[in-house]
Amino acid sequence: MISNHLVFMIASGDVFGKDQPVSLSLLGSERSRTALEGVAMELEDSLCPLLREVRLGIDPRKVFRDADWALLIGAKPRGPGMERRDLLDLNGQIYKEQGQALNEVASRNCKMLVVGNPCNTNALIGLENAPDLPRRNWHALTRLDENRAKCQLALKAGKFYTSVTNMCIWGNHSTTQVPDFVNAKIEGVPAREYIHDDKWLKEEFTPTVANRGGVLIKKWGRSSAASTAVSIADHIRSLTQPTKEGDCFSTAVITDGNPYGLAEGLVYSMPARSKGDGDYEIIPGFHMNDWLIEKCKASEDELLKERDCVGHLLPNATVAQC
Ligand code: LMR
Numbered sequence: 001m002i003s004n005h006l007v008f009m010i011a012s013g014d015v016f017g018k019d020q021p022v023s024l025s026l027l028g029s030e031r032s033r034t035a036l037e038g039v040a041m042e043l044e045d046s047l048c049p050l051l052r053e054v055r056l057g058i059d060p061r062k063v064f065r066d067a068d069w070a071l072l073i074g075a076k077p078r079g080p081g082m083e084r085r086d087l088l089d090l091n092g093q094i095y096k097e098q099g100q101a102l103n104e105v106a107s108r109n110c111k112m113l114v115v116g117n118p119c120n121t122n123a124l125i126g127l128e129n130a131p132d133l134p135r136r137n138w139h140a141l142t143r144l145d146e147n148r149a150k151c152q153l154a155l156k157a158g159k160f161y162t163s164v165t166n167m168c169i170w171g172n173h174s175t176t177q178v179p180d181f182v183n184a185k186i187e188g189v190p191a192r193e194y195i196h197d198d199k200w201l202k203e204e205f206t207p208t209v210a211n212r213g214g215v216l217i218k219k220w221g222r223s224s225a226a227s228t229a230v231s232i233a234d235h236i237r238s239l240t241q242p243t244k245e246g247d248c249f250s251t252a253v254i255t256d257g258n259p260y261g262l263a264e265g266l267v268y269s270m271p272a273r274s275k276g277d278g279d280y281e282i283i284p285g286f287h288m289n290d291w292l293i294e295k296c297k298a299s300e301d302e303l304l305k306e307r308d309c310v311g312h313l314l315p316n317a318t319v320a321q322c
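Going letter by letter, the sequence shown gives residues 1 to 322 in full-length UniProt numbering.
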């Protein structure tokens with residue numbers, strides 16, 4: 001569902017730019033092979049002038065060959081009543097195999113964006129199984145959470161959502177995520193100058209953003225698709241276009257050498273900026289008050305536990321106790 005929205009955005013130039021030709025390689029499974037052919041037919045019939053080629057396959061070692069961007073969306077989705085941790089083992093195996101395949105055949109500077117949940121730990125599994133690719137090139141998607149947070153702050157402040165900037169999501173793409181209203185800005189000033197109600201920020205805004213994916217699953221009977229595709233496009237544009245002064249974007253990336261004292265070897269969402277060259281730097285100096293520190297620690301603890309649970313999928317792990 002997500003991919004079906006996304007491929008048409010990519011093919012029409014909304015993601016990589018109106019002057020950037022694209023070649024799509026779609027990875028399916030035995031079960032989805034025929035459906036993939038249907039997607040390819042629709043792409044052909046859309047006459048997208050930038051679309052140079054559509055390749056289909058079910059072998060990641062063929063489909064990922066020379067990839068510059070790998071958008072790793074496929075995974076068993078969370079159904080009603082399921083927690084993300086239920087998916088750890090089910091989906092971890094997929095990301096181990098895809099990490100190994102990318103390591104063998106992708107472009108040496110390929111950027112990987114993991115969307116399938118639990119995306120932070122899936123990205124960790126992928127990167128640990130791809131020792132020849134840059135670890136920093138692995139991202140897990142928290143841009144959807146950032147967009148949700150911007151929307152909620154804008155609604156509360158009675159402003160348009162483009163006025164909300166510097167909106168960082170910290171941590172795991174799970175209910176422990178931390179939408180950072182402390183450093184967020186509305187019309188260039190701290191959001192709390194518009195929203196004075198700290199109780200609302202802590203007790204309504206924060207859980208609303210963190211639980212939105214689950215609430216949506218209950219309503220739809222499936223997880224978000226269109227808004228996820230939009231946020232993937234936003235994420236890619238954040239890396240391919242320069243970040244505006246005083247703004248940031250959220251991305252979950254490897255914590256090695258991070259400026260916030262977070263445990264290393266986790267894929268954890270932090271504030272980033274880019275020159276627009278596909279790379280990024282983590283922005284140091286965000287103000288961390290006691291509330292943020294405590295919440296960020298809880299998300300870090302959750303990711304440490306997830307890492308323990310997937311020790312059997314990490315080649316160099318000494319931890320295998322879940
Ligand atoms: C979402 O946030 O909507 C998705 O990641 C679905 C989920 O499992 O939370």
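Here a beta-carbon is modelled for each residue, glycine too, at the ideal position from N, C-alpha and C.
| Asked | Found |
| --- | --- |
| CA nearest to the CA of residue 11, picked from 48, 35 and 68 | 48 |
| Residue ranges of each beta strand (DSSP E) within the segment 263–312, 3 or longer | 267–273 |
| heavy atom of ligand 1 below 6 Å from residue 223 C-beta | yes |
| For residue 252, the first and last residue of its enclosing beta strand (DSSP E) | 249–254 |
| Beta-ladder partner(s) of residue 57, from DSSP | 27 |
| Assumed close pair residue 280, residue 274 - CB separation to whole angstroms, cut-off 8 Å | 5 Å |
| Residue interval of the alpha helix (DSSP H) (run including residue 43) | 33–45 |
| Residue 117 beta carbon near ligand 3 (any heavy atom closer than 6 Å) | Ligand 3 is not part of this structure, which contains only ligand 1. |
| Residues bridged to residue 139 (per DSSP) | 113 |
| Residue 185 classed as buried or exposed, judged by whether at least 16 other C-beta atoms fall within 10 angstroms | buried |
| Beta-carbon spacing of residue 114, residue 140 below 7 Å | yes |
| Touch test, the segment 176–194 against the segment 282–299, Cβ-Cβ under 8 Å, three pairs minimum | yes |
| Cβ-based burial, residue 231 [other Cβ within 10 Å; buried from 16] | buried |
| Distance cut-off 6 Å: residue 158 Cβ against heavy atoms of ligand 1 | no |
| Beta-carbon proximity of residue 125 to residue 95, cut-off 7 Å | yes |
| Per DSSP, the bridge partner or partners of residue 169 | 179 |
| Near ligand 1: residue 78 beta-carbon under 6 Å from a heavy atom | yes |
| First through last residue of the beta strand (DSSP E) which encompasses residue 101 | Careful: residue 101 lies outside any beta strand (DSSP E), inside the alpha helix (DSSP H) at 88–105. |
| Extent of the continuous alpha helix (DSSP H) run through residue 239 | 226–240 |
| Continuous beta strand (DSSP E) stretch holding residue 72: start and end | 69–72 |
| Residue 125, enclosing alpha helix (DSSP H) - first and last residue | 119–128 |
| Proximity test, residue 81 beta-carbon vs ligand 1 heavy atom, cut-off 6 Å | no |
| Buried versus exposed call for residue 54 [16 or more other C-beta atoms within 10 Å across all chains shown] | buried |
| Straight-line gap, residue 28 to residue 209 (C-alpha atoms, nearest Å) | 31 Å |
| Euclidean distance between Cα positions of residue 167 and residue 100 | 34 Å |
| Reference residue 93; option with closest CA among 142, 46 and 128 | 128 |
| Inter-residue spacing [alpha-carbon to alpha-carbon] between residue 206 and residue 213 | 13 Å |
| Contact the segment 283–293 vs the segment 301–318: 3+ CB pairs below 8 Å | no |
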